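The structure appears below as structure tokens.
Protein chains in written order, with my numbering: chain A, 12 to 184; chain B, 12 to 184; chain C, 12 to 184.
Right, here's the structure in full:
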């Protein structure tokens, strides 16, 4: 993977997004930075985080950034490959805490502009089902769609995962 | 874009469908016809319609056709590029008003056969989430899937939007 | 279609999965084996099964395997083309009956290893909508995602249906 490139890896539940993103990063020399946006608020979430962490081997340095993602990106040394897993959890944390989403998204985009080094962003595609009944879910779905389009416009590579296999939506394989 | 061609632009929530469809139409010389199927029944819908309208510039003539889409297509002058936004809202309006869906879909397909001029149909892909609990949502999801397959079979071009980027499902870029 | 090949046909509701899978099988000489995983527990399901059956013509031999899919695959004669429709219904039957999913999935993968003859597996992509509120739906969505990735890793061909049109995710057209 060439340096200074931004990847967006999108996909559904258990579509192999994290695994694929890790393989993109691990094609670069270590050390690698992992920015986890999950907040282990319940047992189910704790289990998922532990399973993800167990899969990653040596060479990874993990930091947690459930809300201040832009700062976490700014803290990464130039040239260090960074994986952010995942944008939808970050967005969900912002919305559940009443943070202004547009400001945070602008801040993220600016931090991505400042970044020097390979960066892979993982996110869940959530907008291809039936329109949800409840307003918060609808707002979240819309915010995720807008965020993905904004990030994809700046990314050199967009991969859409289907059954563990990346399809190239933008850029080259 | 060559004339006399039918495009179907499918995608999830905020995936850039409308924007992409507009760019396809605006590659043709104006004036352009915009057929809006939305009924501004509540505040959220009114806001979305206004935002869409504000984005479209001069050169667009908007007509509203929440139910009689075939007639609205027949009323378009030969050669005038037409954008229909969107089929899922139209389908939803039919179902909520108890109109027979199959008859309406057949009518739409016949109107598309009669059309002379570039036509871009926008629609929401809603069938890739978990099966909904309630019957109406399930029927809607099925009807949308069938409608998309029927329209896609007749279209020269089918684009599937992922994060604001069109993937070519049928035809050429 | 070359023999001894495994196809996975994924897609949303009414996306033309079954029809496409049948066309893949019918490109081989008959007789063809159809393994139905649906259990006709209610009227809606009975209607869907009848509609699918009516579409298939002569040359098809149908067996039902709502749970013991591995055995049903083992019972297929070498060289006979087999269509399994569909994996998500099978998974749902297992979960609703409290069967251990991982064991069943391992059993399926082993049966696929033993298979001699063209095999087409149909399944619903259900992981691209909003995260469901209820736990069972979330577990099902995760289990389906994992199953698809495991099967896709072994398949020579993975097709993703959009509006009745197959997109090639893995393999060649």
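All C-beta atoms in this analysis are idealised placements derived from N, C-alpha and C, irrespective of residue type, glycine included. Quantities reported herein were computed from a predicted structural model and do not represent experimental measurements.
> Can you tell which of 28(C), 118(C) and 165(C) has the C-alpha that lies nearest to the C-alpha of residue 78(C)?
Replying inline: Just measuring C-alpha positions, the residue of 28(C), 118(C) and 165(C) sitting nearest residue 78(C) is 118(C).
> Taking 8 Å as the CB-CB limit, is residue 141(A) close to chain C?
Replying inline: yes
> Considering only the beta carbon of each residue, do residue 72(A) and residue 44(A) sit closer than 8 Å?
Replying inline: yes
> Taking Cβ to Cβ, would you say residue 157(B) is nearer than 8 Å to residue 25(C)?
Replying inline: yes
>> Just verifying my parser: in three-state terms, what is the DSSP assignment at residue 144(B)?
In response: coil
>> I want to verify the contact list: residues of chain B whose CB lies under 9 Å from the CB of residue 137(C), in sequence order.
In response: 139, 140, 141 and 142
>> So, at 8 Å on beta carbons, what are the nonlocal neighbours of residue 176(B) in its own chain, with the 5 sequence-adjacent residues on each side left out?
In response: 27
> So residue 173(A) packs on residue 169(C), CB below 8 Å; how close in whole Å?
Replying inline: Right, their Cβ atoms sit about 7 Å apart.
>> Which complete beta strand (DSSP E) runs does the stretch 67-103 of chain A hold, if anything under 3 residues is left out?
In response: 71-75 and 93-96
> Looking at the C-beta of residue 19(A), does it have a partner C-beta in chain B at a distance below 8 Å?
Replying inline: By this cut-off, residue 19(A) is an interface position.
> Thinking C-beta only, is residue 122(A) closer than 8 Å to residue 81(A)?
Replying inline: yes
> Counting along the chain, where does the beta strand (DSSP E) carrying residue 22(A) start and finish?
Replying inline: Per DSSP, the unbroken beta strand (DSSP E) holding residue 22(A) starts and ends at 17-22.
>> Is the separation between the beta-carbon of residue 95(C) and that of residue 133(C) shorter than 8 Å?
In response: yes
> Can you tell me the Cα-Cα spacing of residue 137(A) and residue 142(C), whole angstroms?
Replying inline: 7 Å
> Thinking just about the alpha-carbon of each residue, which of 18(A), 129(A), 179(A) and 74(A) is nearest to the one in residue 83(A)?
Replying inline: 74(A)
> On the three-state DSSP scale, how would you describe residue 139(A)?
Replying inline: coil
> Should residue 91(C) and residue 51(C) be called a contact, given that it needs their Cβ atoms to be closer than 8 Å?
Replying inline: With a cutoff of 8 Å on beta-carbon distance, residue 91(C) and residue 51(C) are scored as not near each other.
>> Distance cutoff 8 Å, beta carbons only. Does residue 23(B) sit that close to anything in chain F?
In response: No chain F appears in the structure shown, which is made up of the protein chains A, B and C.
> Out of curiosity, what's the CA-to-CA distance linking residue 139(A) and residue 135(B)?
Replying inline: The alpha-carbon atoms of residue 139(A) and residue 135(B) are separated by roughly 8 Å.
> Taking only beta-carbon atoms, is residue 168(B) less than 8 Å away from chain C?
Replying inline: no
> Where DSSP assigns a beta bridge to residue 60(A), which residues make up the other side?
Replying inline: Bridge partners of residue 60(A): none, in fact.
>> Give me, in chain order, the residues of the same chain whose beta-carbon lies closer than 6 Å to that of residue 36(C); leave out the 5 immediate sequence neighbours on both sides.
In response: Same-chain partners within the cutoff: 43, 92, 94 and 131.
> Which bits of chain A does residue 152(C) rub up against, with CB to CB less than 7 Å?
Replying inline: 24
>> So residue 100(B) and residue 115(B) are supposed to be a Cβ contact under 8 Å. How far apart are they, rounded?
In response: The Cβ separation is near 13 Å, so there is no contact.
>> Helix, strand or coil for residue 114(A)? Go by DSSP, reduced to three states.
In response: helix
> Going by beta carbon distance, what residues of the same chain come within less than 7 Å of residue 125(B), once the five residues before and after it are set aside?
Replying inline: Excluding positions up to five away in sequence, the list reads 85.
> From residue 22(B) to residue 153(B), what does the alpha carbon distance come to, in whole angstroms?
Replying inline: 16 Å
>> Taking 8 Å as the threshold (C-beta atoms), are residue 155(A) and residue 17(A) in contact?
In response: no
> By how many angstroms is the C-alpha of residue 88(A) removed from the C-alpha of residue 32(A)?
Replying inline: 19 Å
>> Assuming residue 44(B) is part of the beta strand (DSSP E), what are its boundary residues?
In response: 43-47
> Would you say residue 174(A) faces chain C, with C-beta separation under 8 Å as the test?
Replying inline: yes
> chain C partners of residue 82(B), CB-CB under 8 Å?
Replying inline: Within 8 Å Cβ-Cβ: nothing; residue 82(B) doesn't reach chain C, min ~25 Å.
> Under 8 Å between C-beta atoms, does residue 32(B) make it to chain A?
Replying inline: no
> Between which two residues does the alpha helix (DSSP H) containing residue 29(B) stretch?
Replying inline: 28-37
>> Our contact map puts residue 171(B) next to residue 162(B) with C-beta atoms below 8 Å; I'd like the distance itself, whole angstroms only.
In response: Between residue 162(B) and residue 171(B) the Cβ distance is about 13 Å, and since that is not below 8 Å, they are no contact.
> Who does residue 171(C) pair with in a DSSP beta bridge?
Replying inline: 21(C) and 178(C)
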